[in-house]
Amino acid sequence: MTKYGKNTVRETKVSRRDLLKGAALSAAAAALPAADAKASVWEAFFQRHFQELNAREMEKVISRLEMEYAEKYGKEIKISTTKPLPGVLFGYGLDISRCIGCRRCVYACVEENNQSRDPQIHWITVLRFKKGDKWVSDMESADKYYNPDKVPEPGYFYMPTQCQQCENPPCVKVCPTQATWSEDDGIVVVDYNWCIGCRYCMAACPYGARHFNWMKPGLPAEEINTKTHYLGNRPRYSGVVEKCTFCIQRTRNEKGPYPACVEICPVGARKFGNLLDPKSEIRYCIENKRIFRLKEDLNTHPKFFYFFAT
Amino acid sequence: MRKFLSSAFAICLVIALTPAMAPGESSSAGEAIWRTEATDAGAKESGIPEFFVPPPPFSDGIFPCSDCHEDQEVNPERRVLEDMHEDIQIINHNEKERWCLDCHNPDNRDVLRLASGRLVSFEESYYLCGQCHGTIFRDWKAGIHGRRTGEWNGKKTYRLCVHCHNPHQPRFKPLAPQPPPVKPKNIK
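Read top to bottom, the protein sequences are chains V and E. Each residue of the first sequence is one higher than the one before, starting from 41 at the first, in this note's numbering. Each residue of the second sequence is one higher than the one before, starting from 259 at the first, in this note's numbering.
Have a look at this one:
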């Protein structure tokens, strides 16, 4: 009896190794798309890293995404994959002595870059500081919810912040899936199809420039900007991180319009250009104005320059 | 076969040279726009291109000034304007030392007059402002002062000083701000 019982136990015993193997296999199986899933889901699942795609694969990826978007939003959305222009390194200048804190840039950016309206995502945050108070050393205590009738208010000044497009970006270093990287023209980009939503990059960014889609983005189809870039303003998914790309879909062209925030600024506080072109506006700022970079001591080397024109 | 090889070689050469040439090309193209489109002699001198400015923001029906002023005698006396232009007041623009005919040309009202006696059109009023505001004028020409739209590597549209600053009351007018972001506690 005892022997019989013992045998039964021995026969049904699963070794630790087999159990772990089985668990791993079933976890993997659960993660795979169901057998009846659409072909596009399988394609998306096996999509290679953006930087490794060849021309044919790229074309397939883009047509798949355009089809998905057309189905989802009921309108044609063009996705470009324009490469960086040779000999271009983008830089941005912001004149703190001019900014009046009107937030026109914030909403121009939302419209251009298809941010979620509800829940709200803003790539630009305008901070308000009291004149004479601590500021660059104490950004957390700045007010971003100020709402007077008219700006500028006497006794205050304003400092918009957004992605600083660092040369040494901490967000890129921490990404476990290499879903974010620095392009040759200096723009730090995110591949929304590779982002797994771990938000390490948000924790690593010292400027609070990265934003997370906690829910399905609330983006009304009639408000979509249909001219998009794969690494920029194409509509996002829930569970991915997004950020400013210097309007990659506009600026990365032979005849490239200024970013939307530069064009809208009513006081002309925002400047943009090629850091490698000695005649560019941004080079003029750097060479002739009092200039600083935010949190310079962190060794991030931003390509976003704050300056004082007067 | 030889033809094929030579054309293949030519294509390779073009591909090899393209990235190296592109930066130089783009900057010289920008320069070309800058220089060739400046027709006015003064503009050429100062490096200001001609293509850039929208027309001056005149009040409705106020221009050309000569419609009314042509038959009028010039009254050079400093006075408070009563019959016409009574809405024009100089505020925060050195009002004690300034008077209409310091900038407006008494003999032909459709143009402005610089201190040197040179006459400039309202489309070039930046020369007038630049007489005193030289550092701002310099920044404006470089694209640093003031709003600018267009292409970062191509054609740009500047604004005249008077598009943002009323010449008689030049302080920038406060604006209503756009709504603040939603506080995290209010996000449902």
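In this text, a Cβ means the ideal position worked out from N, Cα and C, and glycines have one as well.
(request) List the residues that DSSP assigns as beta-bridge partners of glutamate 282 of chain V. (result) Glutamate 282 of chain V is bridged to V:His251.
(request) Could you name the residues of the region 88–121 of chain V whose beta carbon sits closer than 7 Å to any beta carbon of chain E, in the order they occur along the chain? (result) None of the residues of the region 88–121 of chain V has a beta carbon lying less than 7 Å from any beta carbon of chain E.
(message) To be precise: take each residue of the region 402–422 of chain E, compare its Cβ to all Cβ atoms of chain V, and keep it if any distance is under 9 Å. Which residues remain?
(response) Listed by position along the chain: Ile402, His403, Gly404, Arg405, Arg406, Thr407, Gly408, Glu409, Trp410, Asn411, Gly412, Lys413, Lys414, Arg417, Cys422.
(message) Please classify valine 338 of chain E as buried or exposed, where buried requires at least 16 other C-beta atoms within 10 Å of its C-beta.
(response) Exposed, because fewer than 16 other Cβ atoms sit within 10 Å of the Cβ of valine 338 of chain E.
(message) Strictly under 8 Å for the Cβ-Cβ distance: is phenylalanine 312 of chain V near chain E by that measure?
(response) It does; some Cβ of chain E falls within 8 Å.
(message) DSSP three-state label for glycine 62 of chain V, please.
(response) DSSP places glycine 62 of chain V in helix when its eight states are reduced to three.
(request) Under 8 Å by Cβ, that's how I've got glycine 141 of chain V and valine 191 of chain V pegged, so tell me the actual separation to the nearest angstrom. (result) Going by Cβ atoms, the distance from glycine 141 of chain V to valine 191 of chain V rounds to 5 Å, so yes, they are a contact pair.
(request) Give me the Cα-Cα distance between phenylalanine 90 of chain V and glycine 319 of chain E, rounded to the nearest whole angstrom. (result) A straight-line Cα-Cα distance of about 58 Å links phenylalanine 90 of chain V and glycine 319 of chain E.
(request) Under 7 Å Cβ to Cβ from histidine 403 of chain E, same chain only, skipping five residues before and after it: list those, please. (result) The beta carbon of histidine 403 of chain E lies closer than 7 Å to those of Ile394, Asp397 in the same chain, with the five residues before and after it left out.
(request) Tell me whether glycine 388 of chain E sits in a helix, a strand or coil according to DSSP, three-state version. (result) Looking at glycine 388 of chain E - three-state DSSP - the assignment turns out to be helix.
(request) Give a yes or no on whether the C-beta atoms belonging to asparagine 154 of chain V and isoleucine 264 of chain V are separated by under 8 Å. (result) Yes.
(message) Is there a Cβ of chain E sitting closer than 8 Å to that of threonine 201 of chain V, yes or no?
(response) Contacts with chain E at 8 Å (Cβ-Cβ) do not include threonine 201 of chain V.
(request) Please check if any C-beta of chain B sits within less than 8 Å of the C-beta of isoleucine 445 of chain E. (result) Absent here is chain B; the protein component of the structure consists of chains V and E.
(message) Within 8 Å of any Cβ in chain E, is that where the Cβ of aspartate 225 of chain V sits?
(response) Taking Cβ atoms only, chain E never reaches closer than 8 Å to aspartate 225 of chain V, which makes this a no.
(message) By the DSSP assignment, the beta strand (DSSP E) with lysine 118 of chain V in it spans what residues?
(response) Residues 118–120.
(request) Excluding the 5 residues preceding and the 5 following cysteine 241 of chain V in the sequence, name in chain order all residues of the same chain whose CB lies nearer than 7 Å to its CB. (result) Around cysteine 241 of chain V: Cys211, Val214, Cys215, Thr220, Arg250, Val281.
(request) Identify which residue in E:Arg336, E:Val311, E:Met342 has its Cα closest to the Cα of cysteine 323 of chain E. (result) For cysteine 323 of chain E, the nearest C-alpha among the options comes from E:Met342.
(request) Could you check the C-alpha separation between cysteine 361 of chain E and serine 222 of chain V for me, to the nearest Å? (result) The alpha-carbon separation between cysteine 361 of chain E and serine 222 of chain V amounts to approximately 53 Å.
(request) Check the Cβ-Cβ distances between glutamate 336 of chain V and every residue of chain E, and say whether any is below 8 Å. (result) No - not a single Cβ of chain E is within 8 Å of the one on glutamate 336 of chain V.
(message) Let me see if you follow: with CB-CB separation under 8 Å, is phenylalanine 395 of chain E close to chain V or not?
(response) Not an interface residue.
(request) Would you check if the region 340–348 of chain V and the region 314–326 of chain V touch, i.e. whether three or more CB-CB distances between them fall below 8 Å? (result) They touch, by the three-pair rule.
(request) For glutamine 436 of chain E, return the contacting residues in chain V, with the cut-off set at a CB-CB distance below 7 Å. (result) Within chain V, Cys142, Arg143, Arg144, Val146, Tyr147 have C-beta atoms less than 7 Å from the C-beta of glutamine 436 of chain E, given in sequence order.
(request) May I have the straight-line CA-CA distance separating isoleucine 346 of chain E from proline 306 of chain V, to the nearest angstrom? (result) Roughly 24 Å separates the two Cα atoms.
(message) I'd like to know whether the C-beta atoms of phenylalanine 138 of chain V and alanine 309 of chain V end up nearer to each other than 8 Å.
(response) Just to set this straight, residue 138 of chain V is arginine in the shown sequence, not phenylalanine. Cβ distance < 8 Å, so arginine 138 of chain V and alanine 309 of chain V count as in contact.
(request) Kindly list, in the order they appear in chain E, the residues whose Cβ is closer than 8 Å to that of cysteine 305 of chain V. (result) Residues of chain E passing the Cβ test: Arg405.
(message) Could you tell me the alpha carbon to alpha carbon distance between valine 230 of chain V and glutamate 262 of chain V, rounded to whole angstroms?
(response) Looking at the two C-alpha atoms, the distance is approximately 25 Å.
(message) Beta-carbon within less than 6 Å of arginine 405 of chain E's beta-carbon, same chain only, minus the 5 sequence neighbours each way: which residues are those?
(response) A distance below 6 Å between beta-carbons, with the five flanking residues on each side excluded, links arginine 405 of chain E to the following residues of its chain, in chain order: Arg417.
(message) Between V:Ile161, V:Phe347, V:Arg143, V:Asp225, which has its C-alpha nearest proline 432 of chain E's C-alpha?
(response) Nearest C-alpha to proline 432 of chain E: V:Arg143.
(message) Please identify, using Cβ separations under 8 Å, the residues of the region 169–192 of chain V that lie next to chain E, in order along the chain.
(response) Taking 8 Å as the cut-off between beta carbons, the residues of the region 169–192 of chain V near chain E are Lys184, Tyr185, Tyr186, Asn187, Pro188, Asp189, Lys190, Val191, Pro192, in sequence order.
(message) Short of 7 Å in beta carbon distance, which residues of its chain neighbour methionine 255 of chain V, apart from the five on each side in sequence? Order them along the chain.
(response) Residues of the same chain with a CB within less than 7 Å of the CB of methionine 255 of chain V, apart from the 5 flanking positions on each side, are Pro159, Ser278 in chain order.
(request) Just the C-alpha distance for serine 80 of chain V and arginine 104 of chain V, rounded to the nearest angstrom, thanks. (result) The straight-line gap from Cα to Cα measures roughly 7 Å.
(message) In the DSSP output, what is lysine 213 of chain V paired with across the bridge?
(response) Paired residues: none, contrary to the question.
(request) Can you say whether lysine 414 of chain E is buried or exposed, counting buried as having 16 or more other CB atoms within 10 angstroms of its CB? (result) With 16 or more Cβ atoms within 10 Å of its Cβ, lysine 414 of chain E is classed as buried.
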